[in-house]
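Participant:
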Amino acid sequence: MEEQVGALWHRAITRLSERRHPFAAVTLEEVAVPIGIFFRALGGDGGLQVEAAEASAHGARRGFLQRLAGLDEKVELAWRDERSLRLPARIDLFPERALNRDLYLWLAALAAQQTGPTRDWLVESQDQARRTLSRFPGLRPRYRRLLDAHLDLRPDPRALSADERAREEAIRLALEDPGSVARLPTARRPPYPVVLWLHPDPDLPAGAWSDPSGGESQDIDRDAAVESLGERRRRRAERVAMPEKDQGLITIRMENILTWGEHVQVDRGTDEEDDLERARTAAADLDRISVARDRQASGARLKFDLDLPAESEDDLVLSEGILLPEWDWRKGTLCPNQCRVIPLIAADATPCALPEHLRRTAHRLRHQFQALAPARVWQRGQCDGQEIDLDAYLRFATDRHAGAGTSGVGTHSDGLYRDMRKGARDLVCLLLSDLSLSTDTWVDDHARVIDVIRDSLFLFAESLAATGDRFGMLGFSSRRRDPVRIHSLKDFEEPHGAVVRGRIAAIKPGYYTRMGAAIRYSTRLLAAQPGGRRLLLILSDGKPNDLDRYEGRYGIEDTRRAVQEARTLGLTCFCVTIDERGNDYLPHLFGTGGYVVIRRPTELPARLPVLYARLTA
Numbered sequence: 153m154e155e156q157v158g159a160l161w162h163r164a165i166t167r168l169s170e171r172r173h174p175f176a177a178v179t180l181e182e183v184a185v186p187i188g189i190f191f192r193a194l195g196g197d198g199g200l201q202v203e204a205a206e207a208s209a210h211g212a213r214r215g216f217l218q219r220l221a222g223l224d225e226k227v228e229l230a231w232r233d234e235r236s237l238r239l240p241a242r243i244d245l246f247p248e249r250a251l252n253r254d255l256y257l258w259l260a261a262l263a264a265q266q267t268g269p270t271r272d273w274l275v276e277s278q279d280q281a282r283r284t285l286s287r288f289p290g291l292r293p294r295y296r297r298l299l300d301a302h303l304d305l306r307p308d309p310r311a312l313s314a315d316e317r318a319r320e321e322a323i324r325l326a327l328e329d330p331g332s333v334a335r336l337p338t339a340r341r342p343p344y345p346v347v348l349w350l351h352p353d354p355d356l357p358a359g360a361w362s363d364p365s366g367g368e369s370q371d372i373d374r375d376a377a378v379e380s381l382g383e384r385r386r387r388r389a390e391r392v393a394m395p396e397k398d399q400g401l402i403t404i405r406m407e408n409i410l411t412w413g414e415h416v417q418v419d420r421g422t423d424e425e426d427d428l429e430r431a432r433t434a435a436a437d438l439d440r441i442s443v444a445r446d447r448q449a450s451g452a453r454l455k456f457d458l459d460l461p462a463e464s465e466d467d468l469v470l471s472e473g474i475l476l477p478e479w480d481w482r483k484g485t486l487c488p489n490q491c492r493v494i495p496l497i498a499a500d501a502t503p504c505a506l507p508e509h510l511r512r513t514a515h516r517l518r519h520q521f522q523a524l525a526p527a528r529v530w531q532r533g534q535c536d537g538q539e540i541d542l543d544a545y546l547r548f549a550t551d552r553h554a555g556a557g558t559s560g561v562g563t564h565s566d567g568l569y570r571d572m573r574k575g576a577r578d579l580v581c582l583l584l585s586d587l588s589l590s591t592d593t594w595v596d597d598h599a600r601v602i603d604v605i606r607d608s609l610f611l612f613a614e615s616l617a618a619t620g621d622r623f624g625m626l627g628f629s630s631r632r633r634d635p636v637r638i639h640s641l642k643d644f645e646e647p648h649g650a651v652v653r654g655r656i657a658a659i660k661p662g663y664y665t666r667m668g669a670a671i672r673y674s675t676r677l678l679a680a681q682p683g684g685r686r687l688l689l690i691l692s693d694g695k696p697n698d699l700d701r702y703e704g705r706y707g708i709e710d711t712r713r714a715v716q717e718a719r720t721l722g723l724t725c726f727c728v729t730i731d732e733r734g735n736d737y738l739p740h741l742f743g744t745g746g747y748v749v750i751r752r753p754t755e756l757p758a759r760l761p762v763l764y765a766r767l768t769a
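First residue of the sequence shown: 153, per our numbering; consecutive thereafter.
1) Using only the alpha-carbon positions, how far apart do residue 313 and residue 320 sit?
2) So which of 323, 242, 746 and 748 has the shortest CA-CA distance to residue 181?
3) Give the DSSP-derived three-state secondary structure of residue 716 in the structure shown.
4) Report back the beta-carbon spacing between residue 700 and residue 729 to the nearest angstrom; my notes put them in contact at under 8 Å.
5) Where are the beta strand (DSSP E) runs, 3 residues long or more, that stay fully inside the region 266 to 348, in chain order?
6) Mind checking which residues open and close the alpha helix (DSSP H) that includes residue 735?
7) Report the three-state DSSP secondary structure of residue 533 (helix, strand or coil).
8) What's the C-alpha gap between residue 768 and residue 524?
9) In the DSSP assignment, the alpha helix (DSSP H) including residue 512 goes from what residue to what residue?
10) Looking only at its own chain, which residues have a Cβ that is under 8 Å from the Cβ of residue 469, when we skip the five neighbours before and after it?
11) Compute the beta-carbon to beta-carbon distance between residue 688 and residue 621, rounded to the nearest angstrom, for a pair I have assumed lies under 8 Å.
12) Using only the alpha-carbon positions, how far apart do residue 669 and residue 483 sit?
13) Less than 8 Å between the CB atoms is what I'm expecting for residue 322 and residue 336, so what's the real figure, rounded?
14) Among 279, 477 and 297, which one has its Cα closest to the Cα of residue 257?
15) If you count every other CB in all the chains shown that lies within 10 Å of the CB of residue 284, and 16 or more means buried, which is it?
16) Measuring only the C-alpha atoms, how far is residue 595 from residue 627?
17) Under three-state DSSP, which class holds residue 769?
18) Given this structure, state the Cα-to-Cα distance separating residue 674 from residue 593, to the nearest angstrom.
19) Below 8 Å on the Cβ atoms is my guess for residue 510 versus residue 610; work out the distance and round it to an integer in Å.
20) Across the region 644 to 660 and the region 499 to 508, are there enough close Cβ pairs to call them in contact, namely three or more that are closer than 8 Å?
21) Residues bridged to residue 628 by DSSP?
22) Could you check the C-alpha separation between residue 487 and residue 481 for me, to the nearest Å?
23) According to DSSP, is residue 754 part of a helix, a strand, or is it coil?
24) Please classify residue 260: is it buried, with 16 or more other beta-carbons within 10 angstroms of its beta-carbon, or exposed?
25) Is it true that the region 229 to 248 meets the region 174 to 190, where meeting means three or more beta-carbon pairs spaced less than 8 Å apart?
26) What is the DSSP secondary structure of residue 493, reduced to helix, strand or coil?
27) With a threshold of 6 Å on Cβ separation, who are the neighbours of residue 608 within its own chain once the five nearest residues in sequence on each side are excluded?
28) Just confirm the distance between the C-beta atoms of residue 491 and residue 472, as a whole number of angstroms; I'd bet it's less than 8 Å.
29) Suppose only complete runs of 4+ residues qualify. What are the alpha helix (DSSP H) ranges in the region 665 to 717, listed by chain order?
30) Just to confirm my understanding: we take residue 552, look at its own chain, exclude 5 residues before and 5 after, and list those with CB closer than 7 Å. What are they?
31) Got a sec? Which residues, its chain only, sit under 7 Å from residue 178 by beta carbon, not counting five neighbours each side?
32) Between residue 550 and residue 763, what straight-line distance do the alpha-carbon atoms span, to the nearest angstrom?
33) Based on the DSSP secondary-structure assignment, which residues constitute the bridge partners of residue 569?
34) What first and last residue would you give for the alpha helix (DSSP H) that runs through residue 592?
35) Cα separation between residue 690 and residue 239?
36) For residue 347, tell me which candidate among 340, 299, 308 and 522 has the shortest Cα-Cα distance.
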């Protein structure tokens, strides 16, 4: 009997040791595009990006059979959160490429059925598989082939101890008949990974899943969150190589140190609660502080992550505002009168000249953009002008001689003059700039994001003034859906000069980024302007977000809807962002050709006018 069990054990270990098939490997890079299409076609979240996941064993632990067999490689598992669908970078489990490719498709199909974070791995995995096979019967043959191949890789239950045998048989039954097993028997060692199910315990950042009910973020136990955070940091620390002994002092940018607020979910309240008080209370309760340099004084100061501008620093309110709709993607409806947009203008803007450090660049850009200005042409048949229009005069004289005209030569009503005038490109542009609280962060030792945006607006205005194109400039931030603050920097009919530069110089970080309402307001202004081509250029540094449900998928879908509405009216929408993660969500918002990511924020001031020239050429 012992010899028989030993033989079974040896065969199980041999199968596990030989389970890699590099010649049949399929990489995520090969299948990322069709996988993304397949995932969305099966009802998956259109805002998610397909990304490579680090191979990981269940719960970041290696199973007993793996340790015994001496297998150092980790098992391919997949998972998803609110932002990404994470699949293995490479799958070579099966000897056939078709099976390895099918595993990618099956994992994407499972993820399309996932509605929240995993709480009961066994029950939820069976439920996902059952729903997938029920909704898409065409996947059953593929699943059967994958199941046969996977069962062949799993350890033989006869080679296991009694408790491990019971658990392995339960897993096999759950795979064969999803929904038939309600509880997983306990055993001393973790089970062999189930590659046909999603990851049971991915290492997700706090807040990676929002409340499926669509309300506010779920309440969490603070001690548990802190313990989990500490465990993740400990694991990260174990993977970091220690510096050599003689390398000297290590300098660390203090503002880059992680805060509790980056990992702990915060109850953001409801629309009826006061958002400012809620934000300050949440910050105090969780001791959410980050270290930031004070550039205006020697030394440093502590600043709350949710510290908001004081009301005394507000700009002048120009009107009571207008009500705008908002798209509710869960209901699939455009809810009317959801946001109140209030126009503002800087209260302390002093007319000024162009800053000294930008003058050289501005001179070069003005010289380049003057080439875009339409050439001067003769306008004939004018009532007044520089010269007499000889052709018009000859026609007039001939008609008078023939008795067809009675008016005297040279009267203004006869259109006998011509005048040299500048042509027109028949183009109008509105630049909408994000002035949210996140622009108060530092991009290097010398400038914040708001400083980079300010310089960009300076050079953009100087460049467009050289072309003669009609343009306007707005900034925006929000505090929930009322108010959404629109800062007027330049009207379409207003000439560019010291007054406009003063308003640009006065911009400062505001509140949050309710981008959908800002785009709808800008669309109304731009659509009312005469012009053959109308461009809405959006300058952003991050995702749409706000204190309420606008965080996450809701804000993404509302912004996408607002962009679609603008394009329906014939406007061209283009986004320029300095967010390094912009490629994760901007294709869903603006399309693959509707945005650009500036990798180095300090390059934005010089590149923004050049992008405009390319868009309007």
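All residues carry an ideal CB built from backbone N, CA and C; glycine is no exception.
Facilitator: Considering the structure as presented:
1) 10 Å
2) 242
3) helix
4) The Cβ separation is near 23 Å, so there is no contact.
5) none
6) 734 to 742
7) strand
8) 9 Å
9) 508 to 521
10) 494, 495 and 496
11) Contact flag wrong, Cβ pair sits at about 14 Å.
12) 18 Å
13) 6 Å
14) 297
15) buried
16) 20 Å
17) coil
18) 26 Å
19) 6 Å
20) yes
21) 586 and 638
22) 10 Å
23) helix
24) buried
25) yes
26) strand
27) 756, 757 and 760
28) Incorrect: roughly 14 Å between the Cβ atoms, too far for contact.
29) 667 to 679
30) none
31) 243, 249, 252, 253 and 256
32) 53 Å
33) 534 and 540
34) No alpha helix (DSSP H) contains residue 592, which DSSP labels as neither H nor E.
35) 32 Å
36) 299
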